[in-house]
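Only one structure is covered here, and it is reproduced in the block below.
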Amino acid sequence: MFFVDNDMKIQPGLAQSWERMDDRTWRFHLREGVKFHDGSPFNAEAVRSAFENWLKDPLFSNVLSSRLNISSPDQVKVVDEYTVDIATNKPLSVLPGRLSNPGLAIVSPKMKGYGKPDGTGPFKFVSIVPMQSLELERNDAYWGEAPKLDKLTIKTILDPSTKVMALESGEVDLIYAVPLSEVASLQARPDLQVLVKLSPRVADLKVNAMAAPLNDIRIRQAINYAINKDDLVEHVCDGLAKPAKSFISPVISWCDESAGYSYDAEKAKQLLADAGLKDTNGDGYLDRDGKTVSINLTYVPSGLGFQPHYITMAEALQEQLKKVGLKVELKPIDYASYWSTYLGGQYELLMDFNSPWDCDASHLLSDAFGSSGGFKPGLNMTREHQSQVDALLDEALTTSDAKVANKDFGEVQRIVMQEAAVVPLVYEYDVVASKKTVKGFEIHPLTAWGLTMTNVSVQA
Numbered sequence: 006m007f008f009v010d011n012d013m014k015i016q017p018g019l020a021q022s023w024e025r026m027d028d029r030t031w032r033f034h035l036r037e038g039v040k041f042h043d044g045s046p047f048n049a050e051a052v053r054s055a056f057e058n059w060l061k062d063p064l065f066s067n068v069l070s071s072r073l074n075i076s077s078p079d080q081v082k083v084v085d086e087y088t089v090d091i092a093t094n095k096p097l098s099v100l101p102g103r104l105s106n107p108g109l110a111i112v113s114p115k116m117k118g119y120g121k122p123d124g125t126g127p128f129k130f131v132s133i134v135p136m137q138s139l140e141l142e143r144n145d146a147y148w149g150e151a152p153k154l155d156k157l158t159i160k161t162i163l164d165p166s167t168k169v170m171a172l173e174s175g176e177v178d179l180i181y182a183v184p185l186s187e188v189a190s191l192q193a194r195p196d197l198q199v200l201v202k203l204s205p206r207v208a209d210l211k212v213n214a215m216a217a218p219l220n221d222i223r224i225r226q227a228i229n230y231a232i233n234k235d236d237l238v239e240h241v242c243d244g245l246a247k248p249a250k251s252f253i254s255p256v257i258s259w260c261d262e263s264a265g266y267s268y269d270a271e272k273a274k275q276l277l278a279d280a281g282l283k284d285t286n287g288d289g290y291l292d293r294d295g296k297t298v299s300i301n302l303t304y305v306p307s308g309l310g311f312q313p314h315y316i317t318m319a320e321a322l323q324e325q326l327k328k329v330g331l332k333v334e335l336k337p338i339d340y341a342s343y344w345s346t347y348l349g350g351q352y353e354l355l356m357d358f359n360s361p362w363d364c365d366a367s368h369l370l371s372d373a374f375g376s377s378g379g380f381k382p383g384l385n386m387t388r389e390h391q392s393q394v395d396a397l398l399d400e401a402l403t404t405s406d407a408k409v410a411n412k413d414f415g416e417v418q419r420i421v422m423q424e425a426a427v428v429p430l431v432y433e434y435d436v437v438a439s440k441k442t443v444k445g446f447e448i449h450p451l452t453a454w455g456l457t458m459t460n461v462s463v464q465a
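Quick note: the sequence shown uses my numbering, first residue 6, plus one each step.
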């Protein structure tokens, strides 16, 4: 219903305007004259039908309940052909922003199940080979700016080296998530161009503060002080990152770095000593009661969103924490195990990343640190249900005063950092490489999710 622009601001889409009728009700005025790819009309009934279908799906119903405060199709009411009212279970000032999530695209009520989507976008579905390729063609009936491309093929190439080779050989015109180790060689080629832009993504370590020894705040704080982020930027990210002092990227307007940690190995060692850890046998590792203190660092070597250099970063973190006496065991898992590991709290430290799904981005706080969490049973990584954090999030998500909300979001970040409930590592860059014949492409802050590709052309 909405677009997210390159500055992470909400822009009208299928909803041309909107207004808050009362604390819990929003009215959306829809664009007229729009048709789905199957030729059926887009209208308020189509929006109501989309919500009804989402609420039948276990994953979507959890998202709608936790993020949008919508749990029943009765909360979405058709006012007239091009006006729809949405009532939330409790006041939610950020509802329009959260509706900008590209995953909440409105599809035709005639569409049955998955496999052949019928939306309203600039390109129409042609065919798909799962985990290989997606074929699209121009939608000549698109309501917005007509696409310049006749066809668009999206390929899934999981291996980073193979992806680079596909660009170099001419098999593809553009690749996303360029391996950082390949950037210099691609920049040196006269026929290619590399685009770099600060991303809303933050690489971080999730901390399970319920698991010993991380249930001691001094050890969690020591880990934050022990990590040399400048070294990570230079030697792991080849300079294509920035040291992070918050788990929220400065691309987000309410990022607050005031409680961030600076590298201080001596302070880390003192905190570990204060926690009662000593190296009693001289092996270089700290122990408690004669037993070496060991911490597992779980990471995903490859998978959706996980960058190739995360493997090197996990190894670098292991070495940096060794310098202050902490023994870290690296524990790789496959992507298929990621969500069960994450949701179930089956980790001590988890190499991960934060990235918003919409222009609002407040879900990065409420999912992770609100006691209700974002997915059932919740993504409250620290398992610390602090009433102060819940109260701040509740006020921020209900107030219509942006200044109050931003102040509350900042305070939540400060509390989380003081509790050392997460370890921010680096602010990441999005890196895209393409043939120089590709014109008009711009990196979007929501990565491929936010692209429309209408301005892109390929010169002969």
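Note that the Cβ used here is the ideal one computed from N, Cα and C, for glycine as well.
Would you decide whether E424 is buried or exposed? Buried here means 16 or more other CB atoms lie within 10 Å of its CB. Buried.
What would DSSP say about E239, mapped onto helix, strand or coil? Three-state DSSP puts E239 in a helix.
Can the beta-carbon of D236 be found less than 8 Å from the beta-carbon of D357? No.
Tell me, which residues are paired with T404 by DSSP? Assignment of beta-bridge partners to T404 by DSSP yields no partner.
Per DSSP, what are the beta-bridge partners of L203 in this structure? DSSP lists Y434 as partners of L203.
For E239, which option in G124, V99, A465, Y432 has the closest C-alpha, if you only look at C-alpha atoms? Minimum Cα distance to E239 is reached at Y432.
On a Cα-Cα basis, can you pick out the residue from T158, A182, K156, L397 that is closest to T167? Scanning T158, A182, K156, L397 for the CA closest to the CA of T167 turns up A182.
Three-state secondary structure (DSSP) of I300: Three-state result, I300: strand.
Which residues does DSSP pair with L197 in a beta bridge? L197 pairs with K440.
Rounded to whole angstroms, what's the CA-CA distance from G383 to P450? Just pull it up for me. In this prediction, G383 has a pLDDT of 39, which is less than 50 and means its spatial position is unreliable; what the coordinates show is noted afterwards. CA-to-CA, the gap between G383 and P450 works out to about 26 Å.
Around the Cβ of D261, are there at least 16 other Cβ atoms within 10 angstroms (buried) or fewer (exposed)? Label assigned to D261: buried.
With distances taken between CB atoms, is the gap from N106 to F128 smaller than 8 Å? N106 is not a Cβ neighbour of F128, given a cutoff of 8 Å.
Can you list the alpha helix (DSSP H) stretches of 4 or more residues lying completely in the segment 86-158, in chain order? Secondary structure remark: continuous alpha helix (DSSP H) runs of at least 4 residues inside the segment 86-158, in chain order: 100-103.
DSSP state of R223, grouped into three classes? Under the three-state reduction of DSSP, R223 is assigned to helix.
Proximity to V81 [Cα-Cα], best of Y347, G102, V99, E57: If we check each option's Cα against that of V81, E57 comes out closest.
Answer yes or no: do D365 and V99 have a C-beta to C-beta separation smaller than 8 Å? Yes, the pair counts as a contact, with Cβ atoms nearer than the cut-off.
Would you report the Cα separation of S307 and E173, rounded to the nearest angstrom? Whole-angstrom Cα-Cα distance: 22 Å.
By the DSSP assignment, the alpha helix (DSSP H) with T317 in it spans what residues? Going by DSSP, T317 is part of the alpha helix (DSSP H) stretching over 315-327.
Which one of V112, Y343, S360 has the shortest CA to CA distance from D43? It is V112 whose Cα lies nearest to the Cα of D43.
Kindly list the residues whose CB is nearer than 6 Å to the CB of W362, restricted to its own chain and excluding five residues on each side of it in sequence; keep chain order. Contacts found: N106.
Flag this pair as yes or no: are the beta carbons of V428 and I228 separated by less than 8 Å? Contact: yes.
With burial defined as no fewer than 16 other Cβ atoms inside 10 Å of the residue's Cβ, what is the status of A396: buried or exposed? Residue burial is scored here from C-beta neighbours: A396 has fewer than 16 other C-beta atoms within 10 angstroms and is therefore classed as exposed.
Go through its chain and collect everything with a Cβ distance to R32's Cβ below 6 Å, but skip five positions before and after it. Counting only Cβ-Cβ distances below 6 Å, and skipping sequence neighbours, we find E24, M26, D90.
Could you tell me the distance, in whole angstroms, from the CA atom of V488 to the CA atom of A151? This structure cannot speak to residue 488, because the chain is shown only from 6 to 465.
With a cut-off of 8 Å, do at least 3 Cβ pairs link the segment 282-299 to the segment 176-191? With a cut-off of 8 Å on Cβ pairs, the segment 282-299 is not in contact with the segment 176-191, counting fewer than three such pairs.
Please confirm whether V329 and I300 have their CB atoms less than 8 Å apart. Between V329 and I300, the C-beta gap is not smaller than 8 Å, which leaves the two residues out of contact.
Cut-off 6 Å between Cβ atoms - residues of its own chain near M13, not counting five sequence neighbours on either side: Correct list, in chain order: C364, P450.
Closest to L348 by CA distance: which of Q325, D372, K327 is it? Out of Q325, D372, K327, D372 has the C-alpha closest to the C-alpha of L348.
State yes or no: is the C-beta of R36 within less than 8 Å of the C-beta of L60? Their beta carbons are not under 8 Å apart, which means R36 does not touch L60 by this criterion.
Measuring straight from C-alpha to C-alpha, what distance separates S345 and K211? The alpha-carbon of S345 is positioned some 14 Å away from that of K211.
For W344, does the three-state DSSP call read helix, strand or coil? Three-state DSSP puts W344 in a helix.
Determine the burial state of G244: buried for a count of at least 16 other Cβ atoms within 10 Å of its Cβ, exposed for fewer. Only exposed fits G244, as fewer than 16 other CB atoms lie within 10 angstroms of its CB.
Per-residue burial, Q226 [other beta carbons within 10 Å of its own, 16 or more giving buried]: Counting Cβ neighbours within 10 Å, Q226 comes out buried, since at least 16 surround it.
Can you list, in chain order, the stretches of the alpha helix (DSSP H) that have 4 or more residues and sit fully within the segment 263-290? Qualifying alpha helix (DSSP H) stretches, in chain order: 270-279.
Who are the Cβ neighbours of V83 in its own chain at under 7 Å, not counting the five residues just before and after it? Take V83, set aside five residues on each side of it, and the residues of its chain with a beta-carbon closer than 7 Å to its own are A49, E50, R53, V89, in chain order.
Cα-Cα separation between C242 and Q393, rounded to whole angstroms: Straight-line measurement puts the Cα of Q393 at about 36 Å from the Cα of C242.
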